[in-house]
Amino acid sequence: MLKVFIVTFFAFQLSASSNGQRVAVPFPKDKTIIIVEAMKSCIAKTGANPNFIDVIRSGKVSEDEKFKEFYYCTCNDTGFVNPDGHIKVKECIELFPKETQPLVEPVIKNCDKEEGVNKYDTLFKFLKCFQETSPVRVALA
Ligand SMILES: *[C@@H]1O[C@H](CO)[C@@H](O)[C@H](O)[C@H]1NC(C)=O
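For the sequence shown, the residue numbers in mature numbering (1 follows the signal peptide of the UniProt record, and there is no 0) are -20 to -1, 1 to 121.
Written out as structure tokens, the structure reads:
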């Protein structure tokens, strides 16, 4: 979601999966720009700590309520989340390179089953689940 995002460019490293590390695949360039812009705008809109962008980029999460709000705002502005906090499954899968879609599809569907106390928390639970269980993550170039 936006499991889900990084600053340094990572090449497609299949070998990384053999030592338990998740494979980083690049986001499509056009979507990267849109997402980065949305993140900046959402830091401003939610008053969240600008460090949260780096938290997401390093494939981590923060339990801070502001982080959840910021993440929801980013996914909402980019069209990846429904008003109830559940991810738009098809749009999310399509962010990944074709060859990795069969790997992430079951993870995305499974992680979307979690229900939080509100929409921010529901989306946060999805992100956390995705970060913890996906064999693939996306890297923001
Ligand atoms: C979600 O996006 C819509 C459309 O861009 C916007 O009108 C709405 O205010 C956003 N909601 C939140 C909570 O950011």
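Note that CB positions come from ideal geometry on N, CA and C, so glycine has one too.
Since this is a predicted model, take the numbers as computed values, not measurements.
Terminal residues of the alpha helix (DSSP H) in which residue i lies
i	result
residue 123	Outside the modelled stretch of the chain, which goes from -20 to 121, sits residue 123, for which no answer is possible.
V16	9 to 26
D57	45 to 57
V61	Run containing V61: none; DSSP gives neither H nor E here.
K89	81 to 91
K70	69 to 73
Closer than 7 Å: residue i CB and nearest ligand 1 heavy atom
i	result
N62	no
C55	no
Which of helix, strand or coil DSSP assigns to residue i
i	result
F(-16)	Below a pLDDT of 50, predicted positions are generally treated as unreliable, and F(-16), at 44, falls in that range; no measurement from the model is reported.
P6	strand
V41	coil
V97	coil
K105	helix
F110	helix
Residue i: first and last residue of the uninterrupted beta strand (DSSP E) it sits in
i	result
V118	116 to 119
Exposure label - residue i; buried when at least 16 CB within 10 Å
i	result
I13	exposed
S38	exposed
G65	buried
V84	buried
D92	buried
T113	exposed
K78	exposed
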